[in-house]
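4 protein chains.
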Amino acid sequence: MAYLVDGSIRVAVLGASGFSGGELIRLLHDHPQFEVTFAGAKGSAGMTVGASHPHLAGLPAAGLVMAEPDPEAIAAAADLVFSALPNGTSAALAPAILDAGAPVIDLAGDFRLPAEAYPSWYGFEHPAPAWLDEAVYGLPELFRDRVPGAKLVANPGCFATAAIMSCAPIFAAGLVEPTVVRVDGKTGVSGAGRAALESTSFGATEDSIRPYRLPAHQHTPEIERGIELATGRRVRALFVPHLVPAVRGVVTTSYLSATTGVTTEQLTDCLAAAYDGEPFVRVLAPGAMADAKRTRGTNLIELQAVADPRTGTAVVVGAVDNLVKGAAGQAIQNANLLSGIEERTALPTTAVYP
Amino acid sequence: MAYLVDGSIRVAVLGASGFSGGELIRLLHDHPQFEVTFAGAKGSAGMTVGASHPHLAGLPAAGLVMAEPDPEAIAAAADLVFSALPNGTSAALAPAILDAGAPVIDLAGDFRLPAEAYPSWYGFEHPAPAWLDEAVYGLPELFRDRVPGAKLVANPGCFATAAIMSCAPIFAAGLVEPTVVRVDGKTGVSGAGRAALESTSFGATEDSIRPYRLPAHQHTPEIERGIELATGRRVRALFVPHLVPAVRGVVTTSYLSATTGVTTEQLTDCLAAAYDGEPFVRVLAPGAMADAKRTRGTNLIELQAVADPRTGTAVVVGAVDNLVKGAAGQAIQNANLLSGIEERTALPTTAVYP
Amino acid sequence: MAYLVDGSIRVAVLGASGFSGGELIRLLHDHPQFEVTFAGAKGSAGMTVGASHPHLAGLPAAGLVMAEPDPEAIAAAADLVFSALPNGTSAALAPAILDAGAPVIDLAGDFRLPAEAYPSWYGFEHPAPAWLDEAVYGLPELFRDRVPGAKLVANPGCFATAAIMSCAPIFAAGLVEPTVVRVDGKTGVSGAGRAALESTSFGATEDSIRPYRLPAHQHTPEIERGIELATGRRVRALFVPHLVPAVRGVVTTSYLSATTGVTTEQLTDCLAAAYDGEPFVRVLAPGAMADAKRTRGTNLIELQAVADPRTGTAVVVGAVDNLVKGAAGQAIQNANLLSGIEERTALPTTAVYP
Amino acid sequence: MAYLVDGSIRVAVLGASGFSGGELIRLLHDHPQFEVTFAGAKGSAGMTVGASHPHLAGLPAAGLVMAEPDPEAIAAAADLVFSALPNGTSAALAPAILDAGAPVIDLAGDFRLPAEAYPSWYGFEHPAPAWLDEAVYGLPELFRDRVPGAKLVANPGCFATAAIMSCAPIFAAGLVEPTVVRVDGKTGVSGAGRAALESTSFGATEDSIRPYRLPAHQHTPEIERGIELATGRRVRALFVPHLVPAVRGVVTTSYLSATTGVTTEQLTDCLAAAYDGEPFVRVLAPGAMADAKRTRGTNLIELQAVADPRTGTAVVVGAVDNLVKGAAGQAIQNANLLSGIEERTALPTTAVYP
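Right, here's the structure in full:
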């Protein structure tokens, strides 16, 4: 791209006051080529990034005053745009930015599904269906080749990332029936965003374990579509998310109908082969257990597979940090690919533990 | 029973130094007819109950010196015995107590399965298989009539309680295929017991979400057997437990293959009818979400059912406090039934919240 | 009082939708003489208690529809009024209720200080200064005799309860200089109330340890006044509260200037003597450490004293559950005293642990 | 030093299996000049670093087999030694390593005090008192000039770091009486180390707030000595640590007797001037509150000062991550200084938040 000539790429972060926006700014600070030159926010416009995120105090980007996300101003200020605005906002905003010439990586769900899915799963009529065909589903480990040159990247949802990466290779290899997948999800509260809610208050969350948005979570059709894109197989997904007392961390446990005789070793080998050489994928050996805590703050996914011949089930567990591999980290991974930059740039792979 | 003549029943608590033992003593303090007269423990013998459990300071039972669990001493000191000893311990101990005349309620897994299941699921050859036929599986809401007069009660496991109570009525009503149930479990750390382990340390648990003992948790055959006892149907269970950063609380999410056309309302009505009038069962209306936190410290189970016609699945969520309905509380419920005492005696139904 | 004639006392709970209101209703359910007949709330008027507090489902009071707190309706419906309305609300409301004949126990700070303190510490001019002289400071262990017959009880704040009970006997005994006390407080989030705030969200609270409202927390003058009421000594207090990642629990660590030669044993003996026979006070032996967790859900206070001759300091640690001994429990203790009922009625003293 | 010639410095990490050891290895991975070539451990010898710390899987150092810490082998394998062995271990081990020619940075308390202090505060007679005079107390912001060229660096304790950095400039400026400082500490569980203990289990820690090791914590004389080294003033310290339900994070709240008329602004200005230009010190403006969470995973300290004229108190709050600025991070900061490397190398200053 043209902007690569001078080696410095100006990026905008929209939704800068939220958790994903804060993560984008934190991670981008360590990026040698991307420089945050525009911070957009709706409710917090006028505030600096540092005032909104005191933990970012001292970074150059902390001094940016967040502005209402005006498409022309954004395209003038930035060569590349990350949008972490709420669901439904970027569908309306991104086309004008794209028309003004800046590629957009959308962290919301606004460009992940076909147009007809939006009314029922997201509750709105999509305002820019033509762009849905242009959008690339940015799950690099499965669709890496599609990202360079894309104008619009739909950055996957956190649960969908874990579930699709868990299941796609297994479906593709024919180790399970291509019919139904049942995904049991567990997540910390940060997936619900930064806005103060009683349901994610400390008081309501400590020692709480509970399902939510059952059975119509909007990641359901995304899981189906991602598997279809990756494998050509149209399967039905059931997705049942649960909230647990954690801040970060998503674990999906996917239940698939195994074909006769499938073993844990076969499932594990299948995943290991599919993700061989991937810098952000850790396929665990049989017997080792995935743990969201080991992915915290990183762009890693941990995958674990087990066959249960007693019930004819293949179980695949996927664990990610919902704000990194499940949001801001994967968005930067896509931006690196889009811009011809080494894919791993600015993406941690070692968790702060404990 | 003879000991009812004078209105006061002497009870022994074995495994008094553990979490379930502590809960038994705490709850029994509010019982007008049971009096703890013997506290048994192996590692902590010689210590008082109060020294082991400082939160119980001030209760009369806090002054009891814990003794090695000698069967004759126990039977001499108590009319009824609660055994919260580790798996494998009461199988060896209970017969001698029973022979000495005291009924036993065993909170371990030692009397819940047929003899042939022990080597593979529990890792030991059962030393007293004859007693396995005598043992009553003490899940009162399903098997209430069998408890009065029983000599030996196998108190159900926490996960098994939630899963069996979730599924049995649904299977019995024929709303699902009687083939396989896949149970995804989530639990706080107290289910792992009181012994200090790195895996349940605060450092390893905060922000950790992870499966464990996959796929061979010993509650698997218990779930199968409980469903068979309740419904006559032999189904296969897969059980995948996960640890989450909570102290108390177990949630099971059971996935069943629904027969065509089954609705959320049918599932809910089925559960509501099955547990009509039950003092410890809260069947939630469609749309309400179960929460382990609302059962904390109580003998309640919350049940929630949802049909997903897209995938032909019936989902039933069950939530209990693993140390109360999942252990000590249900044991007292059984003891009340065994002794002809009002079943609800000394069993809280309102959680301390938040 | 007249209403004792028939053995049943109708009580109103104002602020029923908050945490303290929920605790009052929970605890009062186990009270044989008090019956909740009126639930008042401002924002949630029209909602039932059970809808606001799902954990209270099933209690008779759960069916009460919360009403705007109208003084005449309250006085007509109740013989005794608990007000857990926010600071500044009951100062305006209570006089009319009192005039209508019902005694009031106020859980807010509205009747704890002299009139002149309100503008600077609470930010409002007190609307009913005459009632401030009538109000009894309801810390039963120090002022038990004043409560029976009182019309208006100012129920102490959580931090103030812990700090005053820690220090008053030590000051009274002359073991420390009657000049200054520095109180370092630590609290869980429930003290901030039920309203959803970013600062008490799970995301902001996990692994957060931080001071707040420094150095002008409104419990400062209350600590000073409570010590003066109890000992006649006018000392100055500094109070520095900190938020820690807990739901319930307040610990105050009070630093006093010890007179020469004072020992840990003397301090401990002083506290033990002062609270001898008190059912809710647990003075710990030298070497034992106070723990808020052991008071959770109970009306207990744990007290621990240590002398440090190296710096001439007497340290007294006090731990309470801020919603029970620090709010609803102490209010019921006061109501029992006010009504001539056994003081311990409906007040737990054994924590659910762990 | 000679080893700088070739631009690569071989380092040993002793105590590699513990939390501080794990942090050293994690942080050193991002260091361009230090390479971990030796991992020492006592209990876990024979295990690889990666097996002990699964979150470090994939790092080159994860493949190191941990060895018993033999001084000659260590000195042969490494140019510089970090010792994170338990208190009392490195006092015996370090002299032989030093004699063999490798400088040592000791993260334990073994070289922080004068010889006569060890029996009473640490419970052992110091085996190498001559080295105590050689040891430099490695708090760079106060003693930076002493570190380059040092053979033995005593890396400060976590609480001591926060308390000394809070108080030394205030004492030096004469804003408080140079007599006594009372330090109230709050810490997460990781300060207690990685060994599984009931007291730091998740069950015992959730909702627990409690003092410990009162009043004789071994950081007491270290605080006194650090202040004396920095200011020449011999003051007495009282240190009262508390455990709160966090993993990382230490907050010290220091109470000092202010001289007349001292204001919050003066205290703040004093700290700001003392730490002007320091890359790891964040002095907060009046009204802002320190938060341990914002230092998590970083080498930062947040400092906040408040004057309370009512009681003549200066309050200074210091917050650090006990495993980074309070241990491994500060050790690397010292190693950078010792080796003539840019002090900030490999030391994060932006927290992963929330």
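Chains as they are written, first to last, in my numbering: chain A, 680 to 1033; chain B, 680 to 1033; chain C, 680 to 1033; chain D, 680 to 1033.
Where is the CB? At the ideal position from N, CA and C, for every residue including glycine.
- prompt: Given that a residue counts as buried once 16 or more other Cβ atoms are within 10 Å of its Cβ, and exposed if not, what is residue 949(B)?
  reply: By one-based count along the second sequence, residue 949(B) stands at place 270. That one is buried.
- request: State the start and end residues of the unbroken alpha helix (DSSP H) segment that holds residue 744(A).
  value: Taking the first residue of the first sequence as position 1, residue 744(A) is located at position 65. Where residue 744(A) is concerned, there is no enclosing alpha helix (DSSP H), given that its DSSP letter is neither H nor E.
- prompt: Comparing the C-beta of residue 930(D) with each C-beta of chain A, is any distance below 7 Å?
  reply: Position 251 of the fourth sequence, counted from the start, is the residue given in the question as residue 930(D). Chain A, which has no Cβ nearer than 7 Å to the Cβ of residue 930(D), makes this no.
message: Assuming contact is defined by CB atoms lying nearer than 7 Å, are residue 981(D) and residue 964(D) in contact in what I supplied?
response: Your numbering for residue 981(D) matches position 302 in the fourth sequence. Your numbering for residue 964(D) matches position 285 in the fourth sequence. For residue 981(D) and residue 964(D), no; Cβs fall outside 7 Å.
- request: Flag residue 888(C) as yes if its beta-carbon sits less than 7 Å from any beta-carbon of chain D, otherwise no.
  value: Reading the third sequence from its first residue, position 209 is the one you call residue 888(C). At least one chain D Cβ lies under 7 Å of residue 888(C).
message: Distance check for residue 865(C) and residue 927(B), CA to CA, integer angstroms please.
response: In the second sequence, the residue the question calls residue 927(B) occupies position 248. In the third sequence, the residue the question calls residue 865(C) occupies position 186. Cα-Cα distance, rounded: 24 Å.
- prompt: Given a threshold of 16 other Cβ atoms within 10 Å of its Cβ, counted over all protein chains shown, does residue 970(B) qualify as buried or as exposed?
  reply: Numbered from 1 along the second sequence, position 291 holds the residue referred to as residue 970(B). Under this definition residue 970(B) is a buried residue.
task: Just the chain A side, please: which residues come within less than 9 Å of residue 924(C) by C-beta, in chain order?
output: By 1-based counting over the third sequence, the position of residue 924(C) is 245. Going along chain A in sequence order, the residues near residue 924(C) (Cβ under 9 Å) are 881, 885.
message: So with CB distances below 8 Å, who are the chain C contacts of residue 1030(B)?
response: As a first step, residue 1030(B) must be located in the second sequence, where it is residue number 351. Chain C residues near residue 1030(B): 734.
message: At the 7 Å Cβ level, is residue 877(B) part of the contact set with chain D, yes or no?
response: As a working note, residue 877(B) is residue 198 in the second sequence. True, the Cβ-Cβ gap to chain D drops below 7 Å.
message: DSSP has residue 984(C) in a bridge; who is on the other side?
response: Within the third sequence, residue 984(C) is the residue found at index 305, counting from 1. Per DSSP, 995(C).
Neighbourhood of residue 913(D) by C-beta distance below 6 Å, restricted to the same chain and skipping five residues each side: In the fourth sequence, residue 913(D) corresponds to position 234, counting from 1. Result list for residue 913(D): 907, in chain order.
task: For residue 1019(D), count neighbouring C-beta atoms within 10 Å of its own C-beta (all shown protein chains included) and say buried if the count is 16 or more, exposed if not.
output: Counting from one through the fourth sequence, the residue named residue 1019(D) turns up at place 340. With fewer than 16 Cβ atoms within 10 Å of its Cβ, residue 1019(D) is classed as exposed.
task: Just the chain C side, please: which residues come within less than 7 Å of residue 815(D) by C-beta, in chain order?
output: Residue 815(D) sits at position 136 when you count from the first residue of the fourth sequence. The contacting residues do not exist; residue 815(D) stays about 27 Å from chain C at best.
- prompt: Which of the residues in the region 986-1013 of chain B, read from start to end, lie with their CB under 7 Å from any CB of chain D?
  reply: none
query: Looking only at DSSP bridge pairs, what is residue 934(D) linked to?
result: Taking the fourth sequence and counting its residues from 1, one reaches residue 934(D) at position 255. 861(D), 994(D).
message: Assuming contact is defined by CB atoms lying nearer than 7 Å, are residue 920(D) and residue 968(C) in contact in what I supplied?
response: One-based indexing of the fourth sequence puts residue 920(D) at position 241. One-based indexing of the third sequence puts residue 968(C) at position 289. Result no, Cβ atoms of residue 920(D) and residue 968(C) do not sit closer than 7 Å.
task: Go through its chain and collect everything with a Cβ distance to residue 903(D)'s Cβ below 7 Å, but skip five positions before and after it.
output: Taking the fourth sequence and counting its residues from 1, one reaches residue 903(D) at position 224. Closer than 7 Å at the Cβ level, and outside the excluded window around residue 903(D), lie 914, 915, 916.
query: Closest Cβ-Cβ distance between residue 731(B) and chain C: below 7 Å?
result: To locate residue 731(B), count along the second sequence from 1; it is residue 52. False, the Cβ-Cβ gap to chain C never drops below 7 Å.
query: What distance in whole Å lies between the Cβ atoms of residue 689(B) and residue 757(B), which are believed to be in contact at a cut-off of 8 Å?
result: To locate residue 757(B), count along the second sequence from 1; it is residue 78. To locate residue 689(B), count along the second sequence from 1; it is residue 10. Right, the Cβ-Cβ distance comes to about 5 Å (below 8 Å), so this counts as a contact.
- prompt: If residue 991(A) sits next to residue 937(A), beta carbons under 8 Å apart, how far is it from one beta carbon to the other, in whole angstroms?
  reply: Within the first sequence, numbered from 1, the residue matching residue 991(A) stands at position 312. Within the first sequence, numbered from 1, the residue matching residue 937(A) stands at position 258. Contact holds; Cβ gap of about 5 Å.
field: Beta-bridge partners of residue 717(B), as assigned by DSSP
entry: For the purposes of this step, residue 717(B) is taken as the residue at position 38 of the second sequence. DSSP lists 691(B) as partners of residue 717(B).
field: Buried or exposed (CB count within 10 angstroms, at least 16 for buried), residue 691(D)
entry: Reading the fourth sequence from its first residue, position 12 is the one you call residue 691(D). Classification for residue 691(D): buried.
task: My understanding is that residue 694(B) touches residue 762(B), with C-beta atoms under 8 Å, so please give their C-beta distance in whole angstroms.
output: As a first step, residue 694(B) is located in the second sequence; it is residue number 15 there, counting from the start. As a first step, residue 762(B) is located in the second sequence; it is residue number 83 there, counting from the start. Contact holds; Cβ gap of about 6 Å.
message: I'd like to know whether the C-beta of residue 823(D) is nearer than 7 Å to at least one C-beta of chain C.
response: Here residue 823(D) is taken as the residue at index 144 of the fourth sequence, counted from 1. Answer no: the Cβ-Cβ gap between residue 823(D) and chain C never drops below 7 Å.
task: Express the C-alpha separation of residue 953(B) and residue 853(B) in angstroms, rounding to a whole number.
output: In the second sequence, counting from the first residue as 1, residue 853(B) sits at position 174. In the second sequence, counting from the first residue as 1, residue 953(B) sits at position 274. Between residue 853(B) and residue 953(B), the C-alpha separation is close to 13 Å.
message: I'd like the ranges of any beta strand (DSSP E) spanning at least 3 consecutive residues and lying wholly in the region 900-953 of chain A.
response: Qualifying beta strand (DSSP E) stretches, in chain order: 915-922, 929-937.
message: Counting only Cβ-Cβ distances shorter than 7 Å, please list the residues of the region 835-855 of chain C near chain D, keeping chain order.
response: With the criterion set as a beta carbon lying under 7 Å from some beta carbon of chain D, the region 835-855 of chain C has no members that meet it.
field: Three-state class that DSSP yields for residue 1003(D) in the structure shown
entry: Locating residue 1003(D) in the fourth sequence gives position 324, counting from the first residue. Of the three classes helix, strand and coil, the one that applies to residue 1003(D) here is helix, per DSSP.
query: At least one CB of chain A closer than 7 Å to the CB of residue 869(C): is that the case?
result: Sequence index remark: in the third sequence, residue 869(C) carries index 190 (1-based). The C-beta of residue 869(C) comes closer than 7 Å to at least one C-beta of chain A.
- prompt: Tell me which same chain residues have a C-beta within less than 7 Å of the C-beta of residue 962(A), skipping the five on either side of it?
  reply: What you label residue 962(A) is simply residue 283 of the first sequence in a count that begins at 1. Answer for residue 962(A): 947, 950, 951, 954, 982, listed in chain order.
- request: Would you tell me roughly how many angstroms separate the C-alpha atoms of residue 978(B) and residue 860(B), rounded to the nearest one?
  value: Here residue 978(B) corresponds to residue number 299 of the second sequence, with the count starting at 1. Here residue 860(B) corresponds to residue number 181 of the second sequence, with the count starting at 1. Looking at the two C-alpha atoms, the distance is approximately 25 Å.
task: Compile a chain-ordered list of the residues in the region 958-969 of chain A whose CB is closer than 8 Å to at least one CB of chain B.
output: 968, 969
query: Would a check of beta-carbon distances place residue 971(B) closer than 7 Å to chain E?
result: Included in the structure are the protein chains A, B, C and D, with no chain E among them.
task: Just list the alpha helix (DSSP H) runs in the region 784-826 of chain A, keeping only unbroken ones of 4 residues or longer that don't cross its boundaries, in chain order.
output: Listed in chain order, they are 797-800, 808-813, 819-822.
- request: Would you mind stating whether residue 1016(B) and residue 711(B) have Cβ atoms separated by less than 7 Å?
  value: Reading the second sequence from its first residue, position 337 is the one you call residue 1016(B). Reading the second sequence from its first residue, position 32 is the one you call residue 711(B). When the beta-carbon positions are compared, residue 1016(B) and residue 711(B) stay at least 7 Å from each other.
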